[in-house]
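Visitor: Pasting a structure below so you can have a look.
Protein chains: 2
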Amino acid sequence: MLETPRPDTLRSDARDNRERILAVARTAFGADGLGVPMREIARRAEVGPATLYRRFPTKEALVIEAFAEQMALCTSIVEDGLSDPDPWHGFCTVVERVCELHAGNQGFTAAFMAAFPHAIDFTTTREQTLRAVGELARRAKAAGHLRSDFVISDLLLVLQANSGVRAESPADALLAARRFAALQIQGFRASPGAPPLPPPARLPLLPVG
Amino acid sequence: MLETPRPDTLRSDARDNRERILAVARTAFGADGLGVPMREIARRAEVGPATLYRRFPTKEALVIEAFAEQMALCTSIVEDGLSDPDPWHGFCTVVERVCELHAGNQGFTAAFMAAFPHAIDFTTTREQTLRAVGELARRAKAAGHLRSDFVISDLLLVLQANSGVRAESPADALLAARRFAALQIQGFRASPGAPPLPPPARLPLLPVG
DNA sequence: ACGGTAGTGGAACACCCCGTCCGGTTAGCT
DNA sequence: AGCTAACCGGACGGGGTGTTCCACTACCGT
C-alpha cells in the first residue's frame, strides 16, 4: 500500500502510463471479467507491476477507477430514460442499454453488484441510480404499460442474469444481450391475461469473487 | 492421475468413503458452485486428499460423477414435458423446473454448459435433451402459444442467465429462480402485438472456469 | 490369527495470484 | 547538464489450489 498522489500532479510519462493502465484495465476486465491478473494488466500496458501498484494501491482501487465512467454511463442511461416523455419507452430503452453495456463489460456487472468495502461513491451512485429507476418504473406503471407487480429488484435480477450470459465473441455477446433484453421487456410488459409473478427474493450485494 | 477400479469391486470402507465424497461434493458444488476446492470436499467428507484422488482422478471426474443424477433429472424433466398433452403447459413446466433445478445446484449449470474434454456421455446426454426440447418447442409453436421466433439456444440463454442469479440463501435462490422463470415464460409466450426478437447469438460451450 | 494388499492421511510439489521491496536505469523538468 | 521523480524487472512472502508421494493402517481371505 503505497502513496497515491493526485493524478494531475504527475509527471507527463507517469500520466501517460496511468491512462494506458486504465485503458488496458477497462478492456481486459470488460472482456474477461475481474479475474484478469494484475500482472497481465501491467504486461499489456507495457508497464512494470510496481508502476501499476504505485498508481493503484490495490486491485479493488483499479477496478473502481476503471469502471467509474461505466458507472457514470449507467447513471446517464437511467436519466435519459427518465427524461423520455413516454415512460414505458424510456424504461425499455434503459433495460436494453444497460444490458448492452454490461454485455461489453463482463467485469462491470460483478463490480456493480459487488459490495466494495472502500468505494463509498460507487455504492451511493448505485443507490441513487436505482432510486431513479424506481421513479421511472412508477411512471411506466401509471401509464399502464409496465406490469404492476414489477419491483426494483427485478431489474437487479435481470442484470445479474444478463451477467451470466457468456458468448464466444464480443459481437455474439452483444447479440445475446439484445435478444435477452427483448425477452425481459416482453416479460415486464403489462398484459391483461397474464398470471401474477411469484414473490420476489432478496438479492444480496456479493463480495468480489 | 491414478488407476480407478470399478466402484463395485471396492473394499467396504472404500465404498463408504466414495459415497460420502459424492454426497459432500453434490452439496458443496450445488450450494457454492464448482469453485469449492478439492481439499474442502475432502475435509467435509472426513477424508484425506489422496483418498479423494484415488477415487476420482481429477476434479472434472468428480464433478461429472457428482452431477450425473442431476443430468438424468434434467432429462426426465424434459421427457415429462414432452409427454404433457398440452405442449405449451409442458414447455412452461420444463422452464420452471429446470430453472429451479439449477437454482439449487449452482455448480450444475456451469457443468451443464461446460465443454468437458473427457465426458462423452455428459455431452451426448445434453445434446439429446436439447433435441427433445426442440421437439417440445415445435409442438408448442404449432399450438400457437410459443412465439414463432423462439429458437433452442434461447433456452440455453435463459439457463446461462439463470445461473448468473445469486441469492444469499437457498430459499431466496429458489424464490429468485421461480420469479425469473415466470418472467422468461412471459417473454416466450406468443402475443399478437409483440415485436419480433433481435437475432440470436451463437452460445459457446465454455471451458470450466 | 495373520499376512498381503488395497486403502489411507498428511506432507509435499508445482503452479498461480496479490501485494511489496529493492538495485540499477531512464526520462522529465529546470 | 544535473537533479530527481518515476520507471523497469526481478525477487520475495504469504496464501490458495490441483495433484502426487510415501510411510502407515485396516480390511478380508485363508
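Chains as they are written, first to last, in the numbering used here: chain D, 41 to 249; chain V, 41 to 249.
Ideal Cβ positions, reconstructed from N, Cα and C, are used throughout, including at glycine.
(1) Would you say D/G147 and D/L214 are within 8 Å of each other, going by their C-beta atoms?
(2) Would you mind giving the Cβ-Cβ distance between V/A257 and V/L102, rounded to the nearest angstrom? I have them listed as a contact below 8 Å.
(3) Candidates V/M153, V/T91, V/P244, V/P239: which alpha carbon is nearest V/T44's?
(4) By the 9 Å beta-carbon criterion, what residues does the region 216-240 of chain V contribute toward chain D?
(5) Flag this pair as touching only if the region 114-126 of chain V and the region 169-180 of chain V have three or more C-beta atom pairs under 8 Å; answer yes or no.
(6) With DSSP collapsed to three states, give me the class of V/R46.
(7) Within 7 Å: the Cβ of D/A63 and any heavy atom of the ligand MG?
(8) Give me, in chain order, the residues of the same chain whose beta-carbon lies closer than 8 Å to that of V/P240; leave out the 5 immediate sequence neighbours on both sides.
(9) Along the chain, where does the alpha helix (DSSP H) that runs through D/T91 open and close?
(10) Is the beta carbon of D/E100 less than 8 Å from the beta carbon of D/H158?
(11) What is the rounded straight-line gap between the Cα of D/C139 and the Cα of D/A221?
(12) CA-CA distance, V/Q224 and V/A201?
(13) Quick check on the DSSP output: the alpha helix (DSSP H) that includes D/F220 runs from which residue to which?
(14) Which same chain residues end up closer than 7 Å to D/F96 when comparing Cβ atoms and leaving out the 5 residues on each side of it in sequence?
(15) Write down the C-beta distance between V/A216 and D/L243 rounded to the nearest angstrom, noting that I regard them as a contact closer than 8 Å.
(16) At the level of alpha carbons, what is the spacing between D/F162 and V/F162?
(17) Apply the 10 Å Cβ neighbour rule to D/I160 and answer buried if 16 or more other Cβ atoms are within range, or exposed otherwise.
(18) Using the beta-carbon of each residue, which ones in chain V are nearer than 8 Å to D/N202?
(19) Quick check on DSSP: helix, strand or coil for V/L62?
(20) Closer than 8 Å by C-beta to D/E86: which residues in its own chain qualify, once you throw out the five before and the five after it? Chain order, please.
(21) Using DSSP with H/G/I as helix, E/B as strand and the rest coil, what is V/L186?
(22) Which residues in the same chain as V/G174 place their Cβ atom closer than 7 Å to its Cβ, once the five residues preceding and following it in sequence are excluded?
(23) For V/G184 versus V/A154, is the C-beta distance shorter than 8 Å?
(24) On the three-state DSSP scale, how would you describe V/D124?
(25) Looking at V/E80: is its Cβ nearer than 8 Å to the Cβ of V/A68?
(26) Cα-Cα, which of D/G73, D/L50, D/A112, D/D56 is closest to D/G204?
(27) What does D/E261 reach in chain V if we use C-beta pairs closer than 7 Å?
Guide: Checking against the coordinates, here is how it stands:
(1) Their beta carbons are not under 8 Å apart, which means D/G147 does not touch D/L214 by this criterion.
(2) With chain V covering only 41 through 249, there is no way to say anything about residue 257 of chain V.
(3) V/T91
(4) Residues A216, A217, R218, R219, F220, A221, A222, L223, Q224, I225, Q226, G227, F228, R229, S231, A234, P235, P236, L237, P238, P239, P240.
(5) yes
(6) coil
(7) As presented, the structure is devoid of all ligands, the ligand MG included, so that no description of it is given.
(8) So the qualifying residues of the chain are V191, S193, D194, L197.
(9) 89-95
(10) Yes. Within cutoff.
(11) Using only the alpha carbons, I get a separation of about 6 Å.
(12) Near 10 Å, if we compare the C-alpha coordinates of V/A201 and V/Q224.
(13) 210-228
(14) L102, E105
(15) Confirmed, about 7 Å.
(16) 42 Å
(17) exposed
(18) A201, G204
(19) helix
(20) Here the set comprises R60.
(21) Note: V/L186 maps to strand in three-state DSSP.
(22) I192
(23) no
(24) coil
(25) yes
(26) For the residues D/G73, D/L50, D/A112, D/D56, the minimum Cα distance to D/G204 belongs to D/G73.
(27) Outside the displayed range of chain D (41 to 249) lies residue 261 of chain D, so it cannot be described from this structure.
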